[in-house]
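Residue numbers (this note's numbering): 54 to 163. Even for Gly, the Cβ is constructed at its ideal location relative to N, Cα and C.
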């Protein structure tokens, strides 16, 4: 994946949790979700937020050291921080956009 430094990511509005101890994050492409949100908004439709990470459909690099598929798996503490980074960055992007009002439900448990 394309990587950003944490400071670059923060400047772009990415959420970086306090327990995130890595120096880089993967670049997130918001193009598809922005198009879907706009279509819903333009047509008076709602959308339900659901699973954002599903183990069998998540790229292998997300679980690996330095986001590199050829390296070893990270530990659960690192993975927890990565999931918090990803999920909160996506949801902040959605809710802070002009289309955030189309999300009517969250499939979320903490």
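Helix, strand or coil at residue i [DSSP, three-state]
i	result
residue 151	coil
residue 86	helix
residue 157	strand
residue 69	coil
residue 100	strand
residue 106	coil
residue 142	helix
According to DSSP, residues forming a beta bridge with residue i
i	result
residue 117	126
residue 57	78
Whole-Å CB distance - residue i paired with residue j, under 8 Å assumed
i	j	result
residue 80	residue 59	That pair is no contact at about 13 Å.
residue 113	residue 144	Contact flag wrong, Cβ pair sits at about 24 Å.
residue 86	residue 147	7 Å
residue 117	residue 127	7 Å
Alpha-carbon to alpha-carbon, residue j and residue i
i	j	result
residue 98	residue 158	13 Å
residue 56	residue 124	16 Å
residue 115	residue 63	19 Å
residue 120	residue 54	7 Å
residue 133	residue 156	25 Å
residue 66	residue 141	11 Å
residue 95	residue 110	30 Å
**OP:** Please determine if the region 84-104 and the region 150-159 are in contact, where contact requires at least 3 C-beta pairs separated by less than 8 Å.
**Re:** Contact between the region 84-104 and the region 150-159 is present, because at least three Cβ pairs lie under 8 Å.
Original post:
Would you call the region 65-84 and the region 127-142 touching, i.e. three or more CB-CB distances under 8 Å?
Top reply: They touch, by the three-pair rule.
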